[in-house]
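Student: I am attaching a structure below and will ask some questions about it afterwards.
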Amino acid sequence: MSLGALAALIAALAVAVLVLFLIPTVLSIKKTAQSIAALSDLLTNELKPTIRELNQVLAELKTVGGGVAEHTDDVKRFMAALGDTGTQLTSINRSVGLVTSLLNQAGAVATGAKVAGKYLLENYLKRKLKGV
Numbered sequence: 019m020s021l022g023a024l025a026a027l028i029a030a031l032a033v034a035v036l037v038l039f040l041i042p043t044v045l046s047i048k049k050t051a052q053s054i055a056a057l058s059d060l061l062t063n064e065l066k067p068t069i070r071e072l073n074q075v076l077a078e079l080k081t082v083g084g085g086v087a088e089h090t091d092d093v094k095r096f097m098a099a100l101g102d103t104g105t106q107l108t109s110i111n112r113s114v115g116l117v118t119s120l121l122n123q124a125g126a127v128a129t130g131a132k133v134a135g136k137y138l139l140e141n142y143l144k145r146k147l148k149g150v
């Protein structure tokens with residue numbers, strides 16, 4: 019055997035050993051590529067609709083937040099009006115109390131005048147009947 023043939027034989031053996039070790043590696047890389055393709059499909063099919071739904075939810079939350087901000091002013095105005103109403107009711111209550119007090123006093127004066135008038139009338143009639 020010549021030196022060239024021996025070198026060719028060693029090279030052939032080295033290539034054969036290399037191929038034997040590369041085949042499992044290539045198969046593993048192929049499985050990894052298939053897994054990545056499956057993950058990509060999963061992300062495309064599952065994640066994109068989920069992101070779309072999340073964007074819709076965020077848009078709805080922005081709308082609700084804007085509505086709440088608009089109604090905050092309404093609530094403030096309502097509370098101010100409610101405070102004014104309470105103040106007015108207090109004033110009305112005070113006025114009704116004063117009128118009630120005046121009516122009670124007027125009733126007492128009227129009763130006093132009635133009693134005094136009756137007393138004076140009775141005394142006058144007694145004097146007239148006695149002939150004074």
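Counting with the numbering used here, you get residues 19 to 150 for the letters of the sequence shown. Where a beta carbon is used, it is the ideal one built from N, C-alpha and C, also for glycine.
Measure the alpha-carbon distance for ASP92 versus THR81 and round it to whole angstroms.
Tutor: One-based indexing of the sequence shown puts residue 92 at position 74. One-based indexing of the sequence shown puts residue 81 at position 63. C-alpha separation (whole angstroms): 17 Å.
Student: DSSP three-state label for MET19, please.
Tutor: Your numbering for residue 19 matches position 1 in the sequence shown. Coil, per DSSP.
Student: Distance check for THR105 and THR90, CA to CA, integer angstroms please.
Tutor: Numbered from its first residue, the sequence shown carries residue 90 at position 72. Numbered from its first residue, the sequence shown carries residue 105 at position 87. The alpha-carbon atoms of THR90 and THR105 are separated by roughly 23 Å.
Student: Does any residue of chain D bring its CB to less than 8 Å from the CB of ILE110?
Tutor: The structure shown contains no chain D; it is built from a single protein chain.
Student: I'd like the ranges of any alpha helix (DSSP H) spanning at least 4 consecutive residues and lying wholly in the region 20-101.
Tutor: DSSP runs (the alpha helix (DSSP H)) wholly in the region 20-101: 21-60.
Student: In angstroms, rounded to a whole number, what distance separates the CA positions of LEU45 and VAL35?
Tutor: Counted from its first residue, the sequence shown places residue 45 at position 27. Counted from its first residue, the sequence shown places residue 35 at position 17. Approximately 16 Å between the Cα atoms of the pair.
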